[in-house]
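Heads up: the structure comes next, in structure tokens.
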Amino acid sequence: MTALRVCRLLAVVLLPVTGLAEEQAQLPGDYCHWEMVDYGIQQPLCGLAGDAGRGQAIVSDSHLGNCLACHRLPIPGIEAYGTIGPSLAGIGARLDAAQIRLRVVDSRHINPMSIMPGFYRDPRLIHRPGKRYLGKTFLTAQQIEDVIAYLVTLK
Amino acid sequence: MNMACKTLVLVCGLLPAIPAGTVVAGEPRSGYEFIRPATREMQDDDFLNPGMFTVEKGQQLFREKLEGAGKSCAECHGDDGEGLDTGNIARYPVYKGGGLVTLQRQISICRTSATGKSLVADHPDLVALETFVRNRARGVPVNVQTDGPMQALLAKGEQLYRTRYGLIDISCFHCHGLYPGQMIRGQKISEGQGNGFPAYRLDIGEITSLEQRIQQCLTLMRAEPFDSGSEEINLLGLYIMSRSNGLKIETPAVRY
Numbered sequence: 001m002t003a004l005r006v007c008r009l010l011a012v013v014l015l016p017v018t019g020l021a022e023e024q025a026q027l028p029g030d031y032c033h034w035e036m037v038d039y040g041i042q043q044p045l046c047g048l049a050g051d052a053g054r055g056q057a058i059v060s061d062s063h064l065g066n067c068l069a070c071h072r073l074p075i076p077g078i079e080a081y082g083t084i085g086p087s088l089a090g091i092g093a094r095l096d097a098a099q100i101r102l103r104v105v106d107s108r109h110i111n112p113m114s115i116m117p118g119f120y121r122d123p124r125l126i127h128r129p130g131k132r133y134l135g136k137t138f139l140t141a142q143q144i145e146d147v148i149a150y151l152v153t154l155k
Numbered sequence: 156m157n158m159a160c161k162t163l164v165l166v167c168g169l170l171p172a173i174p175a176g177t178v179v180a181g182e183p184r185s186g187y188e189f190i191r192p193a194t195r196e197m198q199d200d201d202f203l204n205p206g207m208f209t210v211e212k213g214q215q216l217f218r219e220k221l222e223g224a225g226k227s228c229a230e231c232h233g234d235d236g237e238g239l240d241t242g243n244i245a246r247y248p249v250y251k252g253g254g255l256v257t258l259q260r261q262i263s264i265c266r267t268s269a270t271g272k273s274l275v276a277d278h279p280d281l282v283a284l285e286t287f288v289r290n291r292a293r294g295v296p297v298n299v300q301t302d303g304p305m306q307a308l309l310a311k312g313e314q315l316y317r318t319r320y321g322l323i324d325i326s327c328f329h330c331h332g333l334y335p336g337q338m339i340r341g342q343k344i345s346e347g348q349g350n351g352f353p354a355y356r357l358d359i360g361e362i363t364s365l366e367q368r369i370q371q372c373l374t375l376m377r378a379e380p381f382d383s384g385s386e387e388i389n390l391l392g393l394y395i396m397s398r399s400n401g402l403k404i405e406t407p408a409v410r411y
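Note that the protein sequences, when read in sequence, are chains A and B. Position one of the first sequence corresponds to residue 1 (the numbering used here), numbered consecutively onward. Position one of the second sequence corresponds to residue 156 (the numbering used here), numbered consecutively onward.
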């Protein structure tokens with residue numbers, strides 16, 4: 001069963017029970033469906049190509065990816081970072097693009113208790129999003145691909 | 156069956172009874188232990204602590220004659236609140252009259268009985284009065300009731316505490332239960348205790364009630380915060396304050 005089908009099933013089964021669906025998010029029209037295969041997402045989201053330069057800006061920007069909130073990254077001049085997640089130095093040598101993509105898109109497929117936000121998690125699974133974030137993903141598909149293009153360079 | 160196998164069976168048999176992510180709770184640690192030394196110095200010195208301005212504002216309100224009542228809080232409780240029972244202050248929020256009563260609510264009830272006008276939760280005057288009153292009990296250990304009718308309310312509060320919210324999609328427990336002491340972009344994560352509140356927040360430069368702090372945290376999680384005075388925010392406040400039982404009141408604490 002694909003991850004998407006599991007997500008849909010969970011949404012159908014859980015949301016009515018928890019009664020949290022007063023203002024149910026709709027799946028935005030531009031949300032690209034993805035499939036988990038071998039604990040990775042093999043295909044780039046929406047078939048987009050990422051840009052490593054933009055990716056590096058996104059991981060540092062506290063209003064975008066803000067990966068530095070929880071991770072250390074080998075970017076010169078960065079002093080404030082987090083120690084909640086592992087350092088991402090060398091992540092491109094430890095994981096391939098498909099494995100990184102799944103972790104960035106929705107790491108709860110690896111660890112259901114994970115503290116890591118799903119940056120392209122199905123918005124219908126988000127509980128009580130702020131009104132301006134209703135039906136939105138944390139990052140766009142293009143931003144996700146940019147981040148992955150950057151992370152795979154960290155060998 | 157050898158010993159190792161027996162142990163494995165025993166451990167596996169126990170696993171379902173342990174809720175996911177449960178950590179063994181030790182003694183609670185005040186946010187004071189997680190802030191920088193310079194912030195501690197600021198908190199410890201009443202002349203440097205910016206929260207003391209709110210204590211003074213609260214004291215002024217405490218001494219002012221209430222509109223339409225012809226008397227002030229101070230006329231019953233003393234100019235410096237010396238008539239207040241500090242042990243009782245440390246018990247808030249309390250269970251009273253079939254429900255939860257926060258310290259702000261108690262102050263509001265008291266004033267309303269004299270003026271007929273009530274103040275909404277987290278009204279600046281009410282936060283100032285709460286800051287002044289809680290400051291009277293500085294050093295007294297938090298002592299929230301956890302038995303009797305409080306049990307059911309605390310269970311609800313804990314459930315809210317462990318629920319994921321917003322686009323960042325994490326619960327209070329994720330950060331403050333699993334990762335205290337770790338850094339989040341250069342700031343140390345605390346246990347999220349309530350003993351210092353209302354506290355002065357350096358990040359926003361304002362005095363902040365515990366309930367307002369929870370709202371700010373939810374907003375940061377890109378979640379829709381619970382309304383001031385709502386059942387959810389009060390239950391979260393209750394649960395968080397009960398986690399602080401035994402910690403000395405620090406109001407007004409200085410926090411990031």
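In this text, a Cβ means the ideal position worked out from N, Cα and C, and glycines have one as well.
Grouping DSSP H, G and I as helix and E and B as strand, with all else coil, what is residue i?
| i | result |
| --- | --- |
| A:M113 | coil |
| A:Y81 | coil |
| B:Q337 | coil |
| B:T363 | strand |
| A:Y133 | helix |
| B:R319 | coil |
| A:Y150 | helix |
| B:L393 | helix |
| B:P407 | coil |
| B:V282 | helix |
| A:V37 | strand |
| B:K311 | helix |
| B:I325 | strand |
| A:Q142 | helix |
| B:P183 | coil |
| A:P123 | helix |
| B:Q370 | helix |
| A:E22 | With a pLDDT of only 47 at A:E22, under 50, the local geometry of the prediction cannot be trusted, and the value read off the model is given with reservation. Coil. |
| B:T177 | Model confidence at B:T177 stands at a pLDDT of 46, short of 50, so the residue's coordinates are unreliable and nothing is read from them. |
| B:Q261 | helix |
From residue i to residue j, what distance separates their C-alpha atoms?
| i | j | result |
| --- | --- | --- |
| B:Y411 | B:L357 | 5 angstroms |
| B:Q371 | B:D235 | 31 angstroms |
| A:P74 | A:A49 | 23 angstroms |
| B:I121 | A:R108 | An answer regarding residue 121 of chain B cannot be provided, because it is not within the stretch 156 to 411 covered by chain B. |
| B:C228 | B:K343 | 39 angstroms |
| B:V409 | A:R72 | 28 angstroms |
| B:V210 | A:L102 | 50 angstroms |
| B:Q300 | A:F119 | 40 angstroms |
| B:G253 | A:M113 | 36 angstroms |
| A:M36 | B:L375 | 30 angstroms |
| B:S383 | A:L154 | 45 angstroms |
| A:P44 | B:I339 | 30 angstroms |
| B:A310 | B:L258 | 20 angstroms |
| B:Q348 | B:R398 | 7 angstroms |
| A:F138 | A:R94 | 25 angstroms |
| B:G341 | B:I262 | 38 angstroms |
| B:L281 | B:E196 | 27 angstroms |
| A:D61 | B:R218 | 48 angstroms |
| B:R266 | B:C231 | 12 angstroms |
| A:A52 | B:R260 | 54 angstroms |
| A:Q142 | A:I148 | 10 angstroms |
Along the chain, where does the beta strand (DSSP E) containing residue i start, and where does it finish?
| i | result |
| --- | --- |
| A:R103 | From DSSP, A:R103 is part of no beta strand (DSSP E) but of the alpha helix (DSSP H) over 97–106. |
| B:G254 | 254–256 |
| B:A354 | 354–356 |
| B:R246 | Taken as a continuous stretch (DSSP letters only), B:R246 belongs to no beta strand (DSSP E), as it is neither H nor E. |
Assuming contact is defined by CB atoms lying nearer than 8 angstroms, are residue i and residue j in contact in what I supplied?
| i | j | result |
| --- | --- | --- |
| B:E379 | A:G130 | yes |
| B:L255 | B:P248 | yes |
| B:L216 | B:L284 | yes |
| B:L391 | B:L315 | yes |
| B:P353 | B:N204 | no |
| B:N290 | B:A245 | no |
| B:L393 | B:N350 | no |
| A:K136 | A:P117 | no |
| A:C70 | A:I91 | no |
| B:R319 | A:H127 | yes |
| B:M305 | B:Y250 | yes |
| A:Y150 | A:V59 | yes |
| B:R293 | B:I404 | yes |
| B:D277 | B:S364 | yes |
| A:G55 | A:L68 | no |
| B:P183 | B:E366 | no |
| A:Q99 | A:G47 | no |
Span of the alpha helix (DSSP H) holding residue i?
| i | result |
| --- | --- |
| B:L216 | 206–218 |
| B:R195 | 192–199 |
| B:F381 | Segment: none, B:F381 is in no alpha helix (DSSP H) and carries neither H nor E. |
| A:V59 | 52–60 |
| A:R94 | 91–94 |
| B:A229 | 228–232 |
Determine, using beta-carbon pairs with one atom in the region 265–285 of chain B and one in the region 324–338 of chain B, whether at least three such pairs fall under 8 angstroms.
no
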